[in-house]
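In the numbering used here, the protein residues as written are -16 to 238.
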Ligand code: 13P
């Protein structure tokens, strides 16, 4: 993925919470405090219209740009959609695919998520593939089965030639925005389940060098350390706690 593969990865998913101006302001404040942080890979994922403004702020800094979604074709008659080629043109490096909010509200299926993953990789973007069970699935004892299905389906036909990277984020749907993360040992168990699926798909050296597993769901300053540098987990996807500059800077400084 990159020589910095061993560094923890922290992605800020601002979702649809901020205006363009607020996004650029937040990016400025985060960049001012954290752009000299070399021991962590930091990624800001603003809303689409804020990408150019945030790109300008993080340009030539050690902070990367991420998008929250992508379409599965590079160009064509797809009204309203955003091409992975255009994201790349804007300087985007990472792209979130299959976030549970898109699966829930936009009815994205495993096949859509797989198409988006392939399209992102074809443009050299690093997909941040989100998987996670709902509360009902968990109560039904289906958690691991759901995770295995989501990962297998999304990665069908995916290869990772050297130079390409992939992030798989375990985000239990029922803890997102709840203020209560899952127990770290549970996140680690699920990461092992994901890793087991990956072993059937990619050679071990590819998993070692090009794939990262991270956790998301109510990550905050009190729990972040438990999800980072805990193999196979090596990073976090942060929602709510990334919306305030102070809170996000404090969070990153825990690492
Ligand atoms: P919260 O950190 O607000 O729970 O959101 C997690 C998330 O969905 C990140 O993609």
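We put the beta carbon where it would ideally sit given N, CA and C, even for glycine.
- Proximity of the beta carbon of residue 130 to ligand 1 is not indicated: no heavy atom of the ligand is located closer than 7 angstroms.
- When only Cα atoms are considered, residue 178 and residue 207 end up about 21 angstroms apart.
- The DSSP assignment places 149 to 153, 194 to 199 as complete runs of the beta strand (DSSP E) inside the segment 144 to 217, in order along the chain (cut-off: 3 residues).
- The shortest CA-to-CA distance from residue 181 to any of 134, 50, 8, 12 is the one to 134.
- By the 16-neighbour rule on beta-carbons within 10 angstroms, residue 98 is buried.
- Residue 224 carries a helical assignment under DSSP once its states are collapsed to helix, strand and coil.
- Below 8 angstroms, enough C-beta pairs join the segment 98 to 115 and the segment 69 to 87 to call them touching: three or more.
- For the 8 angstroms CB-CB criterion, residue 46 and residue 27 form a contact.
- Taken in chain order, the complete beta strand (DSSP E) segments of 3 or more residues contained in the segment 40 to 66 are 46 to 50.
- In chain order, 228 place their CB closer than 6 angstroms to the CB of residue 12, counting only its own chain and leaving out the 5 sequence neighbours on each side.
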